[in-house]
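Heads up, our numbering is the position in the sequence shown plus 19, with the first residue counted as 1.
Even glycine gets a Cβ: it sits at the ideal position worked out from N, Cα and C.
Nothing here was measured: the structure is a model prediction, and the numbers come from that model.
A short write-up of the structure that comes next.
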Amino acid sequence: MQRLIKIVEKEIAILREMLSLLHSRERGNKELTQEHLKLKKRLSQIREEKEGLLEELIPEESIEISLQNSQISELESAIERCKTFEPFPLPKPEPEGNRSKKTLVDENEAA
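The following block contains the structure:
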């Protein structure tokens, strides 16, 4: 049972790593794709090992694993949402000396 829990924890860690990889879009797409493929390969190996152990478990022991599987599902959903998410560009703040009179008036009214 402890071995299975460790495997599931590894699975969750890899999914979190994949999610953080998707959040870090500063790197080039080729580099991200290579890292993502490595993580996917490790994930499939861990899942195969997990499936083998799950077949040996009795139902009472699998309750804790099903709770962790729900965490895994949530992380996978977050990964899918990140893959399709295109963030809006944030407006660049104007330098102090280049502010228009309207901007200064609006700031004074807000104060």
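Nonlocal neighbours in the same chain, by C-beta distance under 8 Å from L58, ignoring five residues either side:
The residue you call residue 58 lines up with position 39 of the sequence shown. Closer than 8 Å at the Cβ level, and outside the excluded window around L58, lie I33, E36, M37, L40.
With burial defined as no fewer than 16 other Cβ atoms inside 10 Å of the residue's Cβ, what is the status of K69: buried or exposed?
Locating residue 69 in the sequence shown gives position 50, counting from the first residue. Buried.
Candidates L94, K60, L72, C101: closest to I24 by CA position:
Stepping through the sequence shown from its first residue, residue 24 is reached at position 5. The candidate whose alpha carbon is nearest that of I24 is L72.
Rounding to the nearest angstrom, what Cα-Cα distance links E28 and K60 in this structure?
One-based indexing of the sequence shown puts residue 28 at position 9. One-based indexing of the sequence shown puts residue 60 at position 41. Between E28 and K60, the C-alpha separation is close to 16 Å.
Below 8 Å CB to CB, which residues in the same chain sit around E95 once its five sequence neighbours on both sides are set aside?
Position 76 of the sequence shown, counted from the first residue, corresponds to residue 95. For E95, where only same-chain residues beyond five positions count, the Cβ hits under 8 Å are L34.
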